[in-house]
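Residue numbers (the working numbering): 5 to 297. Ideal placement from N, C-alpha and C gives every residue a C-beta, glycine not left out. All values reported here derive from a predicted model rather than from experimental measurement. What follows is one structure encoded as structure tokens, with my remarks underneath.
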């Protein structure tokens with residue numbers, strides 16, 4: 005017998021007989037042969053051994069990109085989404101007021117309130133097709149929420165923002181993540197703002213994209229196609245359709261009155277069903293909605 009010296013395989017107090025030693029040696033040999041033929045343990049091809057690391061801001065993000073040859077089998081397959089490059093210019097606090105908008109076919113104006121042409125199906129479809137930049141999407145949503153741009157001061161104000169929204173967002177939030185840096189420190193405010201927009205849409209308006217944009221060719225996204233940028237663009241476009249159909253052109257007082265009348269109609273319908281059936285109507289669960297007004 006002998007006392008093993010390996011601290012990782014067996015305890016020191018374990019004594020190994022000669023036949024046990026042979027069994028262990030055979031097991032190790034078999035395992036080595038199996039693992040050497042497994043792709044997960046195969047050596048990396050030379051094309052993947054170099055890794056280029058570009059530092060945008062060492063306190064913010066480190067981006068690593070694997071080098072690939074033209075014939076590299078690990079290259080992105082056709083149809084798979086290509087992540088957008090980080091857009092550092094959007095981290096500048098003045099970008100919201102001075103960034104470029106309105107130079108393409110997307111109808112958008114920084115000043116004034118939202119216009120019908122800005123909310124047309126054709127214009128909103130361009131958001132989904134990425135035929136406008138992120139700032140243009142944000143600008144349109146900001147205008148619909150009630151933010152107004154002061155040309156003299158070159159800044160956004162909350163002059164006409166919906167009361168409930170204004171409590172949480174006194175300044176216009178980035179709903180897209182324009183910097184395209186998805187670390188928790190950088191992206192969390194954008195994610196929270198986008199989630200707030202989504203929660204403000206009632207269940208009956210959740211499918212507005214398919215309802216209004218299907219005639220233009222929109223049939224939805226496949227799961228494999230989604231990126232954070234595409235997802236948030238779709239959520240903003242859906243909210244804009246909800247805004248156009250339910251909120252556009254009404255004052256806050258009128259919207260509250262509409263809500264009151266809707267609730268009264270729902271209660272009346274519930275009582276009617278109870279009287280006809282003689283049984284209490286079951287409450288239908290609906291997702292909680294935090295309306296912007």
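Using a Cβ-Cβ cut-off of 7 Å (strictly less than) and excluding sequence neighbours within five positions of residue 15, which residues of its own chain qualify? Position 11 of the chain shown holds residue 15. For residue 15, the predicted model reports a pLDDT of 45, less than 50, meaning its position is unreliable; a value from the coordinates is still stated below. Closer than 7 Å at Cβ, skipping near neighbours: no residue.
Contacting residues, own chain, Cβ-Cβ under 8 Å from residue 62 (five flanking each side not counted): Indexing the chain shown from 1 puts residue 62 at position 58. With a pLDDT of 35 at residue 62, under the threshold of 50, the modelled position of that residue is not reliable, and no figure is offered here.
Neighbour-count burial assignment, residue 265, 16 or more Cβ in a 10 Å radius: Sequence index remark: in the chain shown, residue 265 carries index 261 (1-based). Residue 265 comes out exposed.
Answer yes if the region 223-242 comes into contact with the region 122-137, meaning at least three C-beta pairs across the two stretches below 8 Å, and no otherwise. Judged by Cβ distances under 8 Å, the region 122-137 makes contact with the region 223-242, as three or more pairs qualify.
Would you decide whether residue 208 is buried or exposed? Buried here means 16 or more other CB atoms lie within 10 Å of its CB. In the chain shown, residue 208 corresponds to position 204, counting from 1. Per the 10 Å Cβ criterion, exposed.
How long is the line joining the alpha carbons of residue 142 and residue 178, rounded to whole angstroms? In the chain shown, counting from the first residue as 1, residue 142 sits at position 138. In the chain shown, counting from the first residue as 1, residue 178 sits at position 174. In a straight line, the C-alpha of residue 142 is about 7 Å away from that of residue 178.
Just the Cα atoms here: how many angstroms apart are residue 121 and residue 280? Locating residue 121 in the chain shown gives position 117, where the first residue counts as 1. Locating residue 280 in the chain shown gives position 276, where the first residue counts as 1. In a straight line, the C-alpha of residue 121 is about 47 Å away from that of residue 280.
Which residues bound the alpha helix (DSSP H) around residue 143? The residue labelled residue 143 in the question sits at position 139 within the chain shown. Annotation: the continuous alpha helix (DSSP H) that includes residue 143 extends over 138-149.
Distance between residue 221 and residue 227 (C-alpha atoms, nearest Å): As a first step, residue 227 must be located in the chain shown, where it is residue number 223. As a first step, residue 221 must be located in the chain shown, where it is residue number 217. Distance between the alpha carbons of residue 227 and residue 221 is about 18 Å.
Measuring CA to CA, which of 148, 103, 261 and 97 is closest to residue 201? Residue mapping note: residue 201 aligns to position 197 of the chain shown, counting from 1. Selected option, being the one with the closest Cα: 148.
Coil, strand or helix - residue 178 by DSSP: Counted from its first residue, the chain shown places residue 178 at position 174. DSSP places residue 178 outside both helix and strand once states are collapsed to three, so it counts as coil.
Any idea if residue 140 is buried or exposed, counting beta-carbon neighbours within 10 angstroms, 16 or more meaning buried? Looking up residue 140 in the chain shown gives position 136. The residue is buried, with at least 16 neighbouring Cβ atoms inside 10 Å.
Measuring alpha carbon to alpha carbon, tell me which of 103, 90 and 144 ends up nearest residue 127. Working through the chain shown from its first residue, we reach residue 127 at position 123. Ranking the options by Cα distance to residue 127, first place goes to 144.
Whole alpha helix (DSSP H) elements within the region 196-252, 4-residue minimum: 212-217 and 232-246
Inter-residue Cα distance where the pair is residue 274 and residue 260: Position 270 of the chain shown holds residue 274. Position 256 of the chain shown holds residue 260. Going by the C-alpha atoms only, they are around 21 Å apart.
Classify residue 171 as helix, strand or coil using the three-state DSSP reduction. Residue mapping note: residue 171 aligns to position 167 of the chain shown, counting from 1. Looking at residue 171 - three-state DSSP - the assignment turns out to be helix.
Tell me the DSSP bridge mates of residue 154? Here residue 154 refers to the residue found at position 150 when the chain shown is read from its first residue. Bridge partners of residue 154: 159.
Could you check whether the region 180-193 touches the region 149-160, counting it as contact only if at least three pairs of C-beta atoms, one from each stretch, sit closer than 8 Å? no
Taking the beta carbon of residue 254 as the centre, do at least 16 other beta carbons fall within 10 Å, making it buried, or is it exposed? In the chain shown, the residue the question calls residue 254 occupies position 250. Per the 10 Å Cβ criterion, exposed.
Rounded distance between the beta-carbons of residue 101 and residue 159, thought under 8 Å: To locate residue 159, count along the chain shown from 1; it is residue 155. To locate residue 101, count along the chain shown from 1; it is residue 97. With a Cβ gap of about 6 Å, residue 159 and residue 101 count as contacting.
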